[in-house]
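Engineer: Okay, handing you the structure first.
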Amino acid sequence: MASLWLGLMRLFAGLGRGLRDPEFRAIIFLIAVAIACGSTFFRIVEHWEWIDAVYFSVMALTTVGDATLAPTTAVAKIFTMVFSVCGIGLMLAFLSRLSTFRDHEDRQ
Numbered sequence: 001m002a003s004l005w006l007g008l009m010r011l012f013a014g015l016g017r018g019l020r021d022p023e024f025r026a027i028i029f030l031i032a033v034a035i036a037c038g039s040t041f042f043r044i045v046e047h048w049e050w051i052d053a054v055y056f057s058v059m060a061l062t063t064v065g066d067a068t069l070a071p072t073t074a075v076a077k078i079f080t081m082v083f084s085v086c087g088i089g090l091m092l093a094f095l096s097r098l099s100t101f102r103d104h105e106d107r108q
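Here it is, written out as C-alpha cells:
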C-alpha cells in the first residue's frame with residue numbers, strides 16, 4: 001500500500017512540475033479540445049447525452065474501449081477512426097512528457 005501512495009505522490013508531483021512547462025500545457029489543452037470536439041460531434045451526430053458523448057470520447061482517446069456505446073452511422077464510425085488515431089498520439093505525448101517530469105526528481 002505504501003508503494004501505491006509513493007507512486008501517486010510522484011505522479012502528482014510530476015504533474016505539478018509539468019504544468020510549469022508550456023509544451024506540457026499545450027498538450028493538455030489539445031487533449032481538452034479533442035475531447036470537447038469529439039463530445040460535440042457524438043452529441044450532434046449520434047444524439048447521445050453529453051455524459052455518454054464525453055465518456056465515449058475519453059474511452060476512444062485512451063484506447064480503453066467500451067462495448068456499451070458504439071457509433072451507429074457511417075460518418076460517426078469514420079470520425080471515430082480518425083479521432084482515435086489522432087487522439088492516441090496526443091495521449092502518448094502527454095504520458096511521455098508526464099513521465100519525464102515524474103522522473104525528474106530521481107535524476108537529481
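Read in our numbering, the sequence shown has 26 at position 26, and its numbers run on one by one without any break.
The beta-carbon is built from N, C-alpha and C at its ideal position, and this holds for glycine as well.
1) Do residue 61 and residue 91 count as a contact pair if the criterion is CB distance below 8 Å?
2) Specify, as a first and last residue, the run of the alpha helix (DSSP H) that residue 33 falls within.
3) Report yes if the C-beta distance between residue 76 and residue 42 is below 8 Å; otherwise report no.
4) Is there at least one non-hydrogen atom of the ligand PLP closer than 7 Å to the beta-carbon of residue 67?
5) In terms of residue numbering, what span does the alpha helix (DSSP H) encompassing residue 52 cover?
6) What first and last residue would you give for the alpha helix (DSSP H) that runs through residue 11?
7) For a test of the three-state rule: what should DSSP assign to residue 85, helix, strand or coil?
Structural biologist: Quick answer:
1) Result yes, Cβ atoms of residue 91 and residue 61 sit closer than 8 Å.
2) Following the DSSP letters along the chain, one finds residue 33 inside the alpha helix (DSSP H) bounded by residues 22 to 45.
3) A Cβ-Cβ contact shorter than 8 Å links residue 76 with residue 42.
4) Summarising the ligand content, the structure contains no ligands, and the ligand PLP is consequently not present.
5) Per DSSP, residue 52 is one residue of the alpha helix (DSSP H) stretching across 50 to 61.
6) Where residue 11 is concerned, the enclosing alpha helix (DSSP H) stretches over 2 to 18.
7) For residue 85, the three-state secondary structure derived from DSSP is helix.
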